[in-house]
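> Offset between the sequence shown (1-based) and my numbering: plus 283.
All residues carry an ideal CB built from backbone N, CA and C; glycine is no exception.
Supplied in structure tokens, the structure appears directly below.
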Amino acid sequence: MKILHTSDWHLGQHFITKSRANEHSCFMAWLLEQVELHQVDAVIVAGDIFDTGTPPSYARELYNSFVVAMSKVNCQLIILAGNHDSVATLNESKQLLSQLNTQVISSVSPELEQQVLELKNRQGQLGALLCAVPFVRPRDVMQSEAWQSGTEKQQRLGASITGHYASLYQLAENKRTQRIEEHASPVPIIATGHLTALGVSVTESVRDIYIGTLEAFPANQFPAADYIALGHIHRAQKVAKSEHIRYSGSPIPLSFDEVKQQKSVNLVNFVEGKFDSVTELMIPRFQPMQVIKGNLEGIEAQLADFNTHIDSLPVWLSIEVQEQDYLTDLQTRIEAMTIDLPVEVLQVRRARKDREQHLHSEVKETLSELSVNDVFARCLQGVEFTTDAEIARKSRIEVAFKQIVEQVEHATQEEK
Numbered sequence: 284m285k286i287l288h289t290s291d292w293h294l295g296q297h298f299i300t301k302s303r304a305n306e307h308s309c310f311m312a313w314l315l316e317q318v319e320l321h322q323v324d325a326v327i328v329a330g331d332i333f334d335t336g337t338p339p340s341y342a343r344e345l346y347n348s349f350v351v352a353m354s355k356v357n358c359q360l361i362i363l364a365g366n367h368d369s370v371a372t373l374n375e376s377k378q379l380l381s382q383l384n385t386q387v388i389s390s391v392s393p394e395l396e397q398q399v400l401e402l403k404n405r406q407g408q409l410g411a412l413l414c415a416v417p418f419v420r421p422r423d424v425m426q427s428e429a430w431q432s433g434t435e436k437q438q439r440l441g442a443s444i445t446g447h448y449a450s451l452y453q454l455a456e457n458k459r460t461q462r463i464e465e466h467a468s469p470v471p472i473i474a475t476g477h478l479t480a481l482g483v484s485v486t487e488s489v490r491d492i493y494i495g496t497l498e499a500f501p502a503n504q505f506p507a508a509d510y511i512a513l514g515h516i517h518r519a520q521k522v523a524k525s526e527h528i529r530y531s532g533s534p535i536p537l538s539f540d541e542v543k544q545q546k547s548v549n550l551v552n553f554v555e556g557k558f559d560s561v562t563e564l565m566i567p568r569f570q571p572m573q574v575i576k577g578n579l580e581g582i583e584a585q586l587a588d589f590n591t592h593i594d595s596l597p598v599w600l601s602i603e604v605q606e607q608d609y610l611t612d613l614q615t616r617i618e619a620m621t622i623d624l625p626v627e628v629l630q631v632r633r634a635r636k637d638r639e640q641h642l643h644s645e646v647k648e649t650l651s652e653l654s655v656n657d658v659f660a661r662c663l664q665g666v667e668f669t670t671d672a673e674i675a676r677k678s679r680i681e682v683a684f685k686q687i688v689e690q691v692e693h694a695t696q697e698e699k
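Right, here's the structure in full:
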């Protein structure tokens, strides 16, 4: 039995004015080639099919076209919702896609049987049992109590998710035991998840989930499945040094800090009903992207190398300028340097250290004149919030700071 594990496609992403439609289309064509080349029995997409709950029409077309193409290569497709996906959007075509050898799990179901799926091999025989767990919203597995503290809610949610996994795994284990009693061939149990596991490495484009409750799930709380296919983290990696618990990562760089990552999908092989091996299939880069750092002189020298660029597509650039002086015409200077080069500058920013030094000197001179909120606002000015994830994070930071200030002021008044 062979499965192909991928996740975090983010179809419809609008990346600093740029569409990713061409990259996603190329990736899907490449993925179909891998399915046929390696004779994959089932493909699991572990969440975040779309970038938003209301994806643009071209993103839906890509999704539907891929499902149709998969139905023609004798390979089962499992689609799981992530925190970016809308349950309603995925449910729109769920029944229709089930006729094309595709199962969509959009949310946690009160009927556990609906989340324990049978994966068939190319011969039409049962090859594995899947505990199909999508992104778990707190309301799916627990009821919040007004009197509970944040820590208590976090503990309850963690326990509820652990219990949900345990119940699904027990149901799958019962089915596997029944097969053994009937002298059928043993099959592996696979589980999925769309969450942050403890100890993983994240990137800028990953949007926080379980804010205020459960921020990370302990690896030892996963069930004893033969393989656990995870999504949400865009960097491919093992969890807790376990060969069988993995993130596949996103198929394309979703932020400039992912540019140096080699993107991949996981080809998982099972032999005689047991986990055997994982092969990372390296995904080609469909859009050249690069990050350039240095002072203006160094950046100009690096840009000169692009005169020999022969790719048919222009390189998308992020330029980080390291200058002691605060340049008001930075954008204009960069435009002059790149005007005749085969590049598109999508992002220009000062080095973080330089931004902080500039901010520090400014605040130090006028600190006595500023209120607490003014100082906090100046601190935020030293950090760029450009992507949707960063803007959402800034909003959470501002709300949390306001609450802390109110609590301190209230405590101060009580003491008086």
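State the start and end residues of the unbroken alpha helix (DSSP H) segment that holds Glu583.
Note, Glu583: alpha helix (DSSP H), Leu579 to Ala587.
> Taking Asn549 as the reference, give the member of Ala329, Ala634, Leu413 and Ile299 with the closest Cα.
Nearest C-alpha to Asn549: Ala329.
> Do the CB positions of Tyr510 and Pro471 come within less than 9 angstroms of each other?
It is a contact, given that the beta carbons lie within the stated cut-off.
> Kindly provide the ranges of any beta strand (DSSP E) runs that are 3 or more residues long and lie completely inside the stretch 355–399, ordered along the chain.
Taking only runs of at least 3 residues, the beta strand (DSSP E) segments lying wholly in the stretch 355–399 are 359–363 and 385–388.
> In this structure, how does DSSP classify Ala329 when only helix, strand and coil are distinguished?
Strand at Ala329.
> So Lys543 and Ser533 are in contact, right, with Cβ under 8 angstroms, and what is the actual spacing, rounded?
Not quite, the Cβ-Cβ distance comes to about 14 angstroms (not below 8 angstroms), so this is no contact.
> Short of 6 angstroms in beta carbon distance, which residues of its chain neighbour Arg633, apart from the five on each side in sequence? Order them along the chain.
For Arg633, where only same-chain residues beyond five positions count, the Cβ hits under 6 angstroms are Val604.
> Just to confirm the assignment, what range does the beta strand (DSSP E) spanning Asn590 have?
Premise fails: Asn590 is in no beta strand (DSSP E) and is neither H nor E.
> Could you check whether Val391 and Lys377 sit closer than 9 angstroms to each other, using their CB atoms as the reference points?
Contact flag unset, no.
> Please look up how many angstroms separate the CB atoms of Tyr346 and Ile332, rounded, as I've assumed it's under 8 angstroms.
The pair is a contact, with the Cβ atoms about 6 angstroms apart (cut-off 8 angstroms).
> Shortest alpha-carbon distance to Thr385 belongs to which of Ser348, Ser450 and Glu456?
Comparing Cα positions, the closest option is Ser348.
> Helix, strand or coil: how does DSSP classify Gly495 here?
Reliability fails at Gly495, whose pLDDT of 34 lies under 50, so the model's placement of it is uncertain and the value that follows must be treated cautiously. Three-state DSSP puts Gly495 in coil, outside helix and strand.
> My output table needs one value for Ala508: the three-state DSSP class, helix, strand or coil.
Coil.
> Taking DSSP as the reference, what is the three-state secondary structure of Met565?
DSSP places Met565 in strand when its eight states are reduced to three.
> So does the stretch 566–582 actually touch the stretch 307–318, counting three or more Cβ pairs closer than 8 angstroms?
As far as the Cβ criterion goes, the stretch 566–582 touches the stretch 307–318, which means the pair count is three or higher.
> Below 6 angstroms CB to CB, which residues in the same chain sit around Gly556 once its five sequence neighbours on both sides are set aside?
Excluding residues within five positions, the ones whose Cβ falls inside 6 angstroms are Pro469, Val470 and Pro471.
> Applying the 10 Å Cβ sphere with the 16-neighbour rule, what's the burial state of Asp368?
Result: buried.
> To which residues of the same chain is Pro597 closer than 6 angstroms at the C-beta, ignoring the five residues directly before and after it?
Here the set comprises Pro625, Val626 and Glu627.
> Near Asp423, which residues of its chain fall below 6 angstroms by C-beta distance, leaving aside the five closest residues on each side in sequence?
Only Val391 meet the Cβ criterion.
> Within 9 angstroms of any Cβ in chain E, is that where the Cβ of Lys543 sits?
The structure shown has no chain E; it contains just one protein chain.
> Decide if Gly336 is buried, meaning its Cβ has at least 16 other Cβ atoms within 10 Å, or exposed.
That one is exposed.
> Could you check the C-alpha separation between Gly441 and Leu363 for me, to the nearest Å?
Straight-line Cα distance between these residues: approximately 20 angstroms.
> Can you grab the Cα-Cα spacing for the pair Gln630 / Ile617, in whole Å?
If I take the Cα positions, the gap works out to 10 angstroms.
> Straight-line CA distance for Gln317 to Ala512?
Going by the C-alpha atoms only, they are around 18 angstroms apart.
> Taking the straight line between their C-alpha atoms, what separation do you get for Ile687 and Phe500?
Roughly 26 angstroms separates the two Cα atoms.
> To the nearest angstrom, how far is it from the Cα of Val323 to the Cα of Leu663?
For Val323 and Leu663, the distance between alpha carbons rounds to 48 angstroms.
> Return helix, strand or coil for Glu603, following the three-state DSSP convention.
Strand.
> If we ignore side chains and look at the alpha-carbon of each, how far apart do Thr445 and Thr611 end up?
Their Cα atoms are separated by approximately 53 angstroms.
> Thinking Cys358 and Ala508 are a contact (beta carbons under 8 angstroms), I'd like their distance in whole angstroms, please.
Not really, about 21 angstroms apart at Cβ, beyond 8 angstroms.
> Tell me whether the beta-carbon of Gln398 lies closer than 9 angstroms to the beta-carbon of Val416.
Against a cut-off of 9 angstroms, the Cβ pair of Val416 and Gln398 comes out as a contact.
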